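So the sequences go chain by chain: A and B.
Per my numbering: the first sequence ends with 363, consecutive numbering throughout.
Per my numbering: the second sequence ends with 298, consecutive numbering throughout.
Just so you know, even glycine gets a beta-carbon here, dropped at the ideal spot from N, CA and C.
Fair warning: this is a prediction, and the values are worked out from it, not measured in the lab.
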Amino acid sequence: MSSLTMRPCGDFRTSYKQDNTIFETKTIRWVTIFTIIALCFAPLVVDGYFITLLIQISYLGIAALGLNILVGYTGQISLGHGAFFGFGAFASAWLNTSFNIPVFLCIPLAGFLTMGVGMMFGAPAARIKGLYLAIATLASQFIIEDFFARADWFSGGSSGSMAEPVSLFGFAFDTDQSFYYVALFSLVFMFIWGCNLMRSRDGRAFVAVRDHYLSAEIMGVKLNKYRLLSFGISSFYAGIGGALYAHYLGYVSAEGFTIMMSIQFLAMIIIGGLGSIKGTLMGVIFMVFLPEVLESGVGVMKMTDWGNIPMVVDGLAYIKEMAIGLVIIGFLIFEPEGLAHRWAQIKNYWKFYPFAY
Amino acid sequence: MNFELLTQLIINGLIVGLLYGVIGMCFVLVYKSTQIVNFAQGEFLLIGAWVCWASLIYLELPFFLGFLLSLLFMAGFGVLLQMIVLRPMIGEPIISVIMVTIGLSIFFQSLMKWIFGVSPQSYPQVFDTQSISIMGLNIEMAYLMSTVIALIIMVAFYLFFKHSKHGLAMRATAFDQQVSQSLGISVKHVFAMSWGIAATVSATAGIVIGMVNGVSDSLSIMGIKVFPAVILGGLDSIVGAIVGGIIIGVLENVAEFFDSQYLHIGNMYDIAPFYVLLIILWFKPYGLFGTQDIERI
């Protein structure tokens, strides 16, 4: 069964092992492997600007996957993910400059530090849920943001802090092309880890907590433990993403990690699909390319006679923000289950073609 | 200890707190009748204030006409928003509903920035005198007016819910949607009405604050500052919103006072309410007056 090339029309799985495979069919596995190999050759083929976008997708994707584990799989709401992302960035830079820990060790350590902070702020989650939790995490977003602004020893205060590039065995990954491999490796590693987490006992417990927390508790799933664990794992991912961001840019300042960033992470997972690992990546790609597409769209408009409206050209920054808002609203009204669901529908359509079902 | 400054700050806190109370009331109204947490509350203030500003500057209306015009506009805006965006969201999970209002908030915030720019604008002079002194304390005229308006709104809310047919319908819907629907109340109208009222009243608060501080992007922060107030009071209690609003208003000023006099941490004014919020959620998640959820399988 696990060696199928195409997915059958029904559910013919007969063992837990088949139910638990990462890749449903052989084809999907090979496509995934070939995509990763092809991505390894990307710096040779595409230009530098595209590589920066791919790096952006990598670190944002790692953080967004963390949020999806929390929101999509465990059903907790967090409006403070941007602050945790920022905490990871500062923590990694701080560990590196204050303790001279090599950068490639700083990144996971920053992840663990962020995990601790996330669990501290996620602790109310043991008592409250839904809406109240959303507001509690909103408060933590502001408190952490305030902490960045005032903790000079940690974040460099208003002047920000410097972060060295990643280096391993004397080789420094300081160009976009070389850092791309670090980002790609981290992305693949963290996504495989995420997939495996969801196949494990803990992952199933998360889903049980999401689907019906009272039933889950009656079945013997420890609610507090799993809610807190989910917060921890989600912050760990955010910390890793943030650390990569810090060492990629080489400079971290407190202004970037606002509530807007948290909202963008939420937008990514909603657009991609809550509770879908593949969807997370789709959502991140969508959100990274959306401003680029808008920018080039306005660029094309500027060339033509009718489109050179100063209001549109000057207001591009606002149009980008408005587009984010509109996309969130549009997806929630018309496609609440995200791009992953749409993709599945397209696949189903062709599988049953020419019949409707 | 500088008592004069402290008294002045406490009075400021009371005045601002009353406004928080008014905004909190709108928030609770929407939450109670439609079960939607409105993260776009601050944008109602922002839009109302900008519309009023535009009608005063571009249409050159006298103040009270412009004020009425913007209230009418906001009533229509609130109803339309509910009909177009929030009606499809009925029955969706809570995360979707929260995200829709967040999306609305981003959209309108940047739309306002796009149309009106980012620099603060002030209203034309409304009162002849800037400030009057009561018992030796200087109180700005605009602050005094904001207090009066806030009190009027609160009394109007009370009368509306206690003595009018629509108010009764809204209370019934908040109590039990299905039962009130079967008794012939149009739940749709109630939903639209509560958004209309919330938008109008928030816009009033926005205009009042705009008269004191000028209209700018920072008005939308009021929508976030109202969270500590409503959580403190209890998310589904209108009285709680007022009490919570006043407590938070006083508290942030007192925190500012102690910070500037003794602690010197800085930025306490903005951040103290959020610490309070976390502490409340830890120890008393349903606030002072809120009803506790009891779940059955």
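Between residue i and the rest of its own chain, which residues show a CB-CB distance below 8 Å, the 5 nearest in sequence each way excluded?
| i | result |
| --- | --- |
| F110(A) | V172, S173 and L174 |
| R205(A) | N26 and I28 |
Measure the alpha-carbon distance for residue i versus residue j and round it to whole angstroms.
| i | j | result |
| --- | --- | --- |
| V23(B) | G54(A) | 53 Å |
| F191(A) | G14(B) | 53 Å |
| C112(A) | W115(B) | 41 Å |
| L282(B) | A44(A) | 49 Å |
| M7(A) | K32(A) | Caution is warranted here: a pLDDT of 42 is assigned to M7(A), below 50, making its placement in the model unreliable, and no coordinate value can be reported. |
| N74(A) | M196(A) | 13 Å |
| L184(B) | L345(A) | 41 Å |
| G250(B) | S219(B) | 17 Å |
| A97(A) | G162(A) | 11 Å |
| V258(A) | S167(A) | 5 Å |
| S268(A) | V119(B) | 22 Å |
| F176(B) | L152(B) | 26 Å |
| P114(A) | I107(A) | 11 Å |
| I1(B) | G235(B) | The requested residue 1(B) is not part of the displayed model; chain B covers only 2 to 298. |
| L6(B) | I210(B) | 22 Å |
| Q147(A) | S165(A) | 20 Å |
| K357(A) | A350(A) | 10 Å |
| G104(B) | I208(B) | 23 Å |
| I57(A) | Q183(A) | 7 Å |
| V90(B) | Y32(B) | Position check: residue 90(B) holds Met in this sequence, whereas Val was assumed. The alpha-carbon atoms of M90(B) and Y32(B) are separated by roughly 14 Å. |
| F340(A) | M84(B) | 15 Å |
| T143(A) | M266(A) | 14 Å |
| I11(B) | M26(B) | 22 Å |
| K163(B) | F237(A) | 44 Å |
| I34(A) | F284(B) | 49 Å |
| F74(B) | A189(A) | 50 Å |
| L234(A) | A132(A) | 7 Å |
| M225(A) | R216(A) | 14 Å |
| A193(B) | A256(B) | 39 Å |
| I302(B) | F158(B) | For chain B, the structure presents residues 2 to 298; residue 302(B) sits outside this window and is missing. |
| L47(B) | V227(A) | 46 Å |
| I225(B) | S97(B) | 19 Å |
Residues in its own chain within less than 6 Å of residue i by CB, not counting five upstream and five downstream?
| i | result |
| --- | --- |
| G72(A) | S240, Y243 and A244 |
| H347(A) | G279 |
| A76(B) | G197 and T201 |
| G209(A) | L203 |
What residues are listed by DSSP as bridge partners for residue i?
| i | result |
| --- | --- |
| F435(A) | Chain A is shown from 7 up to 363; residue 435(A) falls before or after that span and cannot be answered. |
| V258(A) | S167(A) |
| Q122(B) | V216(B) |
Is it buried or exposed for residue i, if we count other Cβ within 10 angstroms and need 16 for buried?
| i | result |
| --- | --- |
| M121(A) | buried |
| Y355(A) | exposed |
| I335(A) | buried |
| S56(B) | buried |
| E141(A) | Note that residue 141(A) is Ile in the sequence shown, not Glu. Looking at its Cβ environment, which holds 16 or more other Cβ atoms inside 10 Å, I141(A) is buried. |
| T286(A) | buried |
| K166(B) | exposed |
| L160(B) | exposed |
| P130(A) | buried |
| H253(A) | buried |
| V37(A) | exposed |
| C53(B) | buried |
| E61(B) | exposed |
Near residue i, what residues of its chain come up, given a Cβ to Cβ distance below 7 Å and the 5 sequence neighbours on each side ignored?
| i | result |
| --- | --- |
| T174(B) | S34, S181, I186, V188 and V191 |
| K308(A) | N314 and V319 |
| Q293(B) | Y287 |
| F93(A) | T120, V123, I150, G245 and G248 |
| G67(A) | L193, T286, L287 and V290 |
| P229(B) | I249, P274, F275, V277 and L278 |
| A95(A) | G248, A249, Y251, A252 and V258 |
| F117(B) | W51 |
| V231(B) | G25, F28, V29, A242 and G245 |
For residue i, which residues in chain E fall below 8 Å Cβ to Cβ?
| i | result |
| --- | --- |
| N39(B) | Among the protein chains of the structure shown, namely A and B, there is no chain E. |
Any heavy atom of the ligand NAP closer than 7 Å to the Cβ of residue i?
| i | result |
| --- | --- |
| S106(B) | Because no ligand of any kind appears in the structure shown, any question about the ligand NAP cannot be addressed here. |
Worksheet item: If you scan the stretch 163-240 of chain A from start to end, which runs of the alpha helix (DSSP H) of 4 or more residues do you find wholly inside it?
Response: 182-205, 207-217 and 219-224
Practice prompt. Would you mind listing the beta strand (DSSP E) stretches within the stretch 26-58 of chain B that are 3+ residues and don't spill past its ends, in chain order?
Written response: none
Worksheet item: Unbroken alpha helix (DSSP H) runs of length 4 or more, entirely within the stretch 21-47 of chain A: which are they?
Response: 22-25 and 32-46
Item to complete: Run through the stretch 184-249 of chain B for me and flag every whole alpha helix (DSSP H) of 4 or more residues, listed as ranges in chain order.
Response: 188-214 and 222-234
Item to complete: Can you check the stretch 267-335 of chain A for any beta strand (DSSP E) of at least 3 residues that lies completely inside it and give the ranges in chain order?
Response: none
Worksheet item: Mind pulling the alpha helix (DSSP H) runs of 4 or more residues that sit fully within the stretch 135-163 of chain A?
Response: 136-156 and 158-161
Practice prompt. Please go through the stretch 75-146 of chain A and give each complete alpha helix (DSSP H) segment of 4 or more residues, from N-terminal end onward.
Written response: 87-105 and 109-128
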